[in-house]
Ligand SMILES: Nc1ncnc2c1ncn2[C@@H]1O[C@H](COP(=O)(O)OP(=O)(O)O)[C@@H](O)[C@H]1O
Ligand SMILES: [Mg+2]
């Protein structure tokens with residue numbers, strides 16, 4: 744049996760167990776069953792897919808884009824200037840341990856119910872990991888290769904683009920794979936705290952209405968978002984970063 | 171002509187001298203092996219020639235000009251092939267020309283020419299991982315030729331290869347040398363390799379290096395491996411091994 748088949752089989756067993764348990768408990772607002780979740784997803788499809796999903800997707804995409812820009816910039820600066828590394832690396836490691844969930848209310852305090860507050864939650868959940876992974880990737884550059892480039896007369900800029908960027912690319916992609924689920928969680932939490940649409944906001948509203956199936960429906964969509972995103976990154980990785988195993 | 175004039179060198183931050191007043195010369199078109207035990211400072215000679223390290227005393231000159239004011243005067247081939255795994259064979263070979271700002275059409279043309287010369291033209295679009303160790307070294311050699319200078323610095327290029335591939339590449343390199351008419355400095359710690367390949371052997375037996383012992387190899391070109399069995403050559407081989415061994419024991 745292939746690995747995929749085992750995975751599918753165990754997922755099916757879990758789903759079935761869950762369905763049976765939910766039917767036994769028989770309290771949809773506390774433990775919705777997979778079937779009732781799907782039914783609710785279908786019933787609420789219009790607002791979920793046309794309003795809330797796009798809103799959350801927007802925050803994730805914009806937030807990740809911002810995080811990538813900031814992360815790459817910091818990584819490059821740290822790689823270029825050892826003093827910058829000494830200054831910010833320790834800080835980054837400390838800040839990374841702060842759970843975004845705990846400080847997100849602050850963002851609402853600072854920015855109100857604006858897009859910025861939500862973006863900040865996504866950026867803060869992801870950019871540290873992107874920075875540190877990419878920085879490590881840049882540091883992986885083989886000294887011998889760099890010296891070879893120097894013997895060809897290459898300056899820092901050439902060495903950066905022709906050697907360092909390709910060397911660091913696998914690490915950068917890995918950091919995207921790691922942080923994408925965090926971005927999804929960050930976005931959902933931020934919407935939970937302060938938004939008027941989005942899957943996080945939606946699940947909170949359904950919670951107050953004790954509609955457990957609808958809460959699960961939005962959670963299902965959030966997980967699907969993360970899964971699809973990761974598959975996309977993996978596909979890019981396989982197609983473009985064929986040298987990963989040789990670094 | 172290449173000349174080392176009373177060159178002193180110590181790695182920055184180290185106390186142990188590597189070169190101490192070393193002088194020697196290499197004429198244009200010569201094939202010279204630099205023979206010495208590991209850790210003796212052979213690679214350091216190339217790092218100085220390359221400009222990767224700076225000498226503390228004396229001068230290194232090419233045709234009477236100090237290398238500090240020169241560019242693209244030597245092409246260096248490292249021991250490991252150091253091919254970039256994200257580049258195809260062709261793109262790897264073109265790298266030195268890219269850095270030197272050669273335009274695309276000429277890069278393509280020269281690269282095709284070079285790959286034909288190393289007999290790898292059908293691998294142009296392949297990646298280094300698709301090639302055997304010997305082929306990778308040939309690509310690395312083609313890349314070195316593309317750096318365009320007349321002085322080739324080859325640092326133990328075959329030492330990581332299995333013995334048959336190695337012998338094949340030695341013969342191959344000699345055929346290349348006859349064709350391209352460039353000066354070759356070839357570092358090796360293998361006595362037989364030095365004898366088979368070169369016109370002259372510069373032997374390093376002391377540390378720090380104060381001088382090199384220059385030994386002519388009394389064999390004509392083209393060479394064949396059975397020439398290595400001549401009594402005179404066997405004796406030379408023994409002498410060289412003896413000289414190197416003394417150094418190790420000292
Ligand atoms: N970058 C460096 N910094 C300090 N010492 C070095 C460096 N590279 C080589 N050495 C030292 O210089 C000596 C000669 O090294 P090397 O030129 O590589 O010898 P070889 O190529 O003959 O094996 C060795 O003792 C080595 O430890
Ligand atoms: Mg060496």
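Residue numbers (my numbering), protein chains in the order written: chain A, 744 to 990; chain B, 171 to 420.
Even glycine gets a Cβ: it sits at the ideal position worked out from N, Cα and C.
Quantities reported herein were computed from a predicted structural model and do not represent experimental measurements.
Determine the closest residue to residue 778 of chain A out of A:988, A:969, A:972, A:963, with distance taken between C-alpha atoms.
Within the first chain, residue 778 of chain A is the residue found at index 35, counting from 1. Among A:988, A:969, A:972, A:963, the Cα nearest to that of residue 778 of chain A belongs to A:963.
Can you tell me whether residue 202 of chain B is buried or exposed, with buried defined as 16 or more other CB within 10 angstroms of its CB?
Working through the second chain from its first residue, we reach residue 202 of chain B at position 32. So residue 202 of chain B ends up on the buried side.
Among B:314, B:320, B:319, B:318, whose alpha-carbon lies nearest the alpha-carbon of residue 891 of chain A?
Residue numbering aside, residue 891 of chain A sits at position 148 when the first chain is read from its first letter. If we check each option's Cα against that of residue 891 of chain A, B:314 comes out closest.
Residue 247 of chain B and residue 328 of chain B closer than 8 Å at C-beta
Translated into positions along the second chain, residue 247 of chain B becomes position 77. Translated into positions along the second chain, residue 328 of chain B becomes position 158. Taking 8 Å as the cut-off, the Cβ atoms of residue 247 of chain B and residue 328 of chain B do not count as close.
So which residues of chain B does residue 986 of chain A contact, with C-beta pairs closer than 7 Å?
Sequence index remark: in the first chain, residue 986 of chain A carries index 243 (1-based). Against chain B, a Cβ distance below 7 Å from residue 986 of chain A picks out 255, 256.
Rounded C-alpha distance that separates residue 187 of chain B from residue 180 of chain B
To locate residue 187 of chain B, count along the second chain from 1; it is residue 17. To locate residue 180 of chain B, count along the second chain from 1; it is residue 10. Distance between the alpha carbons of residue 187 of chain B and residue 180 of chain B is about 5 Å.
Give me the Cα-Cα distance between residue 232 of chain B and residue 380 of chain B, rounded to the nearest whole angstrom.
In the second chain, counting from the first residue as 1, residue 232 of chain B sits at position 62. In the second chain, counting from the first residue as 1, residue 380 of chain B sits at position 210. Inter-residue distance for residue 232 of chain B and residue 380 of chain B is about 20 Å (C-alpha atoms, whole angstroms).
On the DSSP letters alone, give me the boundaries of the alpha helix (DSSP H) that residue 269 of chain B sits inside.
Counted from its first residue, the second chain places residue 269 of chain B at position 99. Residues 259–270.
Among the residues of its own chain, which have a CB less than 6 Å from the CB of residue 945 of chain A, if the five just before and after it don't count?
Walking along the first chain from the start, residue 945 of chain A turns up at place 202. Contacts found: 795, 961.
Say the cut is 7 Å; is the CB of residue 214 of chain B nearer than that to a heavy atom of ligand 1?
Against the second chain, residue 214 of chain B aligns to sequence position 44. Flag set: Cβ of residue 214 of chain B near ligand 1.
Taking its Cβ as the centre, do 16 or more other Cβ atoms sit within 10 Å of residue 391 of chain B, making it buried, or is it exposed?
Locating residue 391 of chain B in the second chain gives position 221, counting from the first residue. In this structure residue 391 of chain B is exposed. Its beta-carbon is surrounded by fewer than 16 other beta-carbon atoms within 10 angstroms.
Find the nearest neighbour of residue 915 of chain A within the set A:770, A:815, A:809, A:802, judged by alpha-carbon distance.
In the first chain, counting from the first residue as 1, residue 915 of chain A sits at position 172. For residue 915 of chain A, the nearest C-alpha among the options comes from A:815.
Secondary structure of residue 224 of chain B, DSSP reduced to three states
Here residue 224 of chain B is taken as the residue at index 54 of the second chain, counted from 1. In the structure shown, residue 224 of chain B sits in coil (DSSP, three-state: anything other than H, G, I, E or B).
With 8 Å as the C-beta to C-beta threshold (strictly closer), list the residues of the stretch 300–323 of chain B near chain A in chain order.
Within the stretch 300–323 of chain B, the qualifying residues are 317.
Relative to chain E, which residues along the stretch 814–829 of chain A have a C-beta separation below 8 Å, given in chain order?
Here the protein chains are A and B, and chain E is not one of them.
Which residue or residues does DSSP assign as beta-bridge partners of residue 196 of chain B?
Position 26 of the second chain holds residue 196 of chain B. Answer is B:172, bridged to residue 196 of chain B.
Just the chain B side, please: which residues come within less than 8 Å of residue 895 of chain A by C-beta, in chain order?
Residue numbering aside, residue 895 of chain A sits at position 152 when the first chain is read from its first letter. Going along chain B in sequence order, the residues near residue 895 of chain A (Cβ under 8 Å) are 265, 266, 269, 270, 317.
Note down the Cα distance separating residue 981 of chain A from residue 972 of chain A, rounded to an integer number of angstroms.
For the purposes of this step, residue 981 of chain A is identified with residue 238 of the first chain, where counting begins at 1. For the purposes of this step, residue 972 of chain A is identified with residue 229 of the first chain, where counting begins at 1. Spanning the two alpha carbons is a distance of roughly 14 Å.
For residue 860 of chain A and residue 932 of chain A, believed in contact at Cβ under 8 Å, the rounded distance:
For this step, residue 932 of chain A is matched to residue 189 along the first chain. For this step, residue 860 of chain A is matched to residue 117 along the first chain. Incorrect: roughly 11 Å between the Cβ atoms, too far for contact.
Residues of chain A with a CB under 9 Å from the CB of residue 149 of chain B: which are they?
This structure gives no information on residue 149 of chain B, because the portion of chain B shown stretches from 171 to 420.
So, is residue 895 of chain A buried or exposed, given that buried needs 16 or more other C-beta atoms within 10 angstroms?
Here residue 895 of chain A refers to the residue found at position 152 when the first chain is read from its first residue. Around the beta carbon of residue 895 of chain A, a 10 Å sphere encloses 16 or more other beta carbons of the protein chains shown; the residue is thus reported as buried.
Can you find at least 3 beta carbon pairs, one from the stretch 359–366 of chain B and one from the stretch 396–414 of chain B, that sit closer than 8 Å?
In short, these stretches touch, since the Cβ pair count reaches three.
What are the start and end residues of the alpha helix (DSSP H) that includes residue 240 of chain B?
For the purposes of this step, residue 240 of chain B is taken as residue 70 along the second chain, with counting starting at 1. DSSP places residue 240 of chain B outside any alpha helix (DSSP H), giving it a letter other than H or E.
Classify residue 930 of chain A: buried if its beta carbon has 16 or more other beta carbons within 10 angstroms, exposed otherwise.
Start at 1 with the first residue of the first chain, and residue 930 of chain A comes out as number 187. Counting the other Cβ atoms within 10 Å of the Cβ of residue 930 of chain A gives 16 or more, which makes it buried.
Leaving aside the five residues before and after residue 1017 of chain A along the sequence, list all residues of the same chain whose C-beta is less than 7 Å from its C-beta, in chain order.
Chain A is shown from 744 up to 990; residue 1017 of chain A falls before or after that span and cannot be answered.
Sequence-distant residues of its chain with Cβ nearer than 8 Å to residue 774 of chain A (five each side left out)
Taking the first residue of the first chain as position 1, residue 774 of chain A is located at position 31. Result list for residue 774 of chain A: 764, 765, 768, 955, in chain order.
Under 8 Å, with one C-beta from each stretch per pair, do the stretch 332–344 of chain B and the stretch 295–310 of chain B reach the 3-pair mark?
Yes, since at least three Cβ pairs between the stretch 332–344 of chain B and the stretch 295–310 of chain B fall closer than 8 Å, the two stretches touch.
Along the alpha helix (DSSP H) that carries residue 208 of chain B, what are the first and last residues, could you check?
Against the second chain, residue 208 of chain B aligns to sequence position 38. Looking at the DSSP string, residue 208 of chain B is not in any alpha helix (DSSP H), and its letter there is neither H nor E.
Would you call the CB atoms of residue 210 of chain B and residue 377 of chain B closer than 8 Å?
If you number the second chain from 1, residue 210 of chain B lands on position 40. If you number the second chain from 1, residue 377 of chain B lands on position 207. Yes, they are a contact pair.
Under 8 Å: do the stretch 899–907 of chain A and the stretch 251–271 of chain B share three or more Cβ pairs, one atom per stretch?
Counting Cβ pairs under 8 Å, three or more are found: they touch.
Do three or more CB pairs link the stretch 815–832 of chain A to the stretch 843–855 of chain A at distances below 8 Å?
In this structure the stretch 815–832 of chain A does not touch the stretch 843–855 of chain A; the number of beta carbon pairs closer than 8 Å is below three.
Could you check if residue 216 of chain B is buried or exposed, using at least 16 other CB atoms within 10 Å of its CB as the buried criterion?
Along the second chain, one-based indexing puts residue 216 of chain B at 46. Buried, by the Cβ-count rule.
So, helix, strand or coil for residue 177 of chain B, using DSSP?
What you label residue 177 of chain B is simply residue 7 of the second chain in a count that begins at 1. Per DSSP, reduced to three states, the secondary structure at residue 177 of chain B is strand.
Near residue 943 of chain A, which residues of its chain fall below 6 Å by C-beta distance, leaving aside the five closest residues on each side in sequence?
In the first chain, counting from the first residue as 1, residue 943 of chain A sits at position 200. Counting only Cβ-Cβ distances below 6 Å, and skipping sequence neighbours, we find 931, 934, 935.
For residue 372 of chain B, which residues in chain A fall below 7 Å Cβ to Cβ?
To locate residue 372 of chain B, count along the second chain from 1; it is residue 202. Per Cβ cutoff of 7 Å: no residues; residue 372 of chain B is ~21 Å from chain A at best.
Is it the case that the Cβ atoms of residue 230 of chain B and residue 196 of chain B are separated by a distance below 8 Å?
In the second chain, residue 230 of chain B corresponds to position 60, counting from 1. In the second chain, residue 196 of chain B corresponds to position 26, counting from 1. No, the pair does not count as a contact, with Cβ atoms beyond the cut-off.
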